[in-house]
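Each residue of the sequence shown is one higher than the last, beginning at 109 in the working numbering. Beta carbons: idealized from backbone N, C-alpha and C, even for Gly. Accompanying notes for the structure given below.
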Amino acid sequence: MQIYLNHLQANVSISNPMTPLTELSPIHEKNEYNAHTFKIGEKKVIYRQAKITPKKIGLFVAIWKRNKQGITQPYQTDDAFDFMMISVQTDKCNGYFLFPKEVLGSLGIISTNNKEGKRGMRVYPTLETDMNKQALKTYHSQISFFHVVK
Numbered sequence: 109m110q111i112y113l114n115h116l117q118a119n120v121s122i123s124n125p126m127t128p129l130t131e132l133s134p135i136h137e138k139n140e141y142n143a144h145t146f147k148i149g150e151k152k153v154i155y156r157q158a159k160i161t162p163k164k165i166g167l168f169v170a171i172w173k174r175n176k177q178g179i180t181q182p183y184q185t186d187d188a189f190d191f192m193m194i195s196v197q198t199d200k201c202n203g204y205f206l207f208p209k210e211v212l213g214s215l216g217i218i219s220t221n222n223k224e225g226k227r228g229m230r231v232y233p234t235l236e237t238d239m240n241k242q243a244l245k246t247y248h249s250q251i252s253f254f255h256v257v258k
């Protein structure tokens, strides 16, 4: 995780370069996705690490939260965060997606007033030859938010 945070801090302008990361806090119940929250400057970031799945291309990541009754639900546009960072590591690439909250709402990933969001999603950091139509559409909607880490 640290390599992605260092890259974000040094190279991505969601704040001034080298703004310190603060309030790094693990979310224990989603530890298989290395779930954390942190701030960079005044921007709050939700972090997850995507997982390779055996039967489908792309990677999967759980992105739900629990409500006051303990039931899982999608994040919402009025939740207190600015970005969702999803790191990926495969044989072909190493990097992370950095999605602004507004983009997640427009893609239907987080809940808006008009539509319920999702509790998980697939991410596609590379173009594959055997992508179906939906995977290809998703790839094109995501790729501009992907940052390669070398």
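Cα-Cα separation, residue i to residue j
i    : j    : result
P233 : Y204 : 8 Å
G166 : F207 : 17 Å
E236 : N175 : 37 Å
P162 : E150 : 38 Å
E131 : K209 : 19 Å
D187 : A143 : 17 Å
N222 : V257 : 36 Å
T220 : T185 : 6 Å
I171 : P182 : 7 Å
T180 : D199 : 32 Å
Neighbourhood of residue i by C-beta, 6 Å cutoff - its chain only, sequence neighbours within 5 removed
i    : result
I217 : G225, K226, M229
Y155 : H144, M193
heavy atom of the ligand GTP below 8 Å from residue i C-beta
i    : result
I218 : Because no ligand of any kind appears in the structure shown, any question about the ligand GTP cannot be addressed here.
Residue span of the alpha helix (DSSP H) that contains residue i, given as start and end
i    : result
S214 : 209-214
K241 : 241-250
Anticipated Cβ contact below 8 Å, residue i with residue j, distance rounded
i    : j    : result
A158 : I135 : Rounded, the Cβ-Cβ distance is 15 Å, inconsistent with contact.
L215 : S249 : 6 Å
Limits of the unbroken beta strand (DSSP E) element including residue i
i    : result
V153 : 151-157
F309 : No answer is possible for residue 309: the residues shown for the chain start at 109 and end at 258.
H144 : 144-148
P134 : 129-134
Practice problem: Could you name each continuous beta strand (DSSP E) segment of 3 residues or more that falls completely within the region 171-239, going from the start of the chain to the end? | Solution: Counting only runs of 3 or more, we get 172-174, 180-182, 191-197, 202-208, 228-231.
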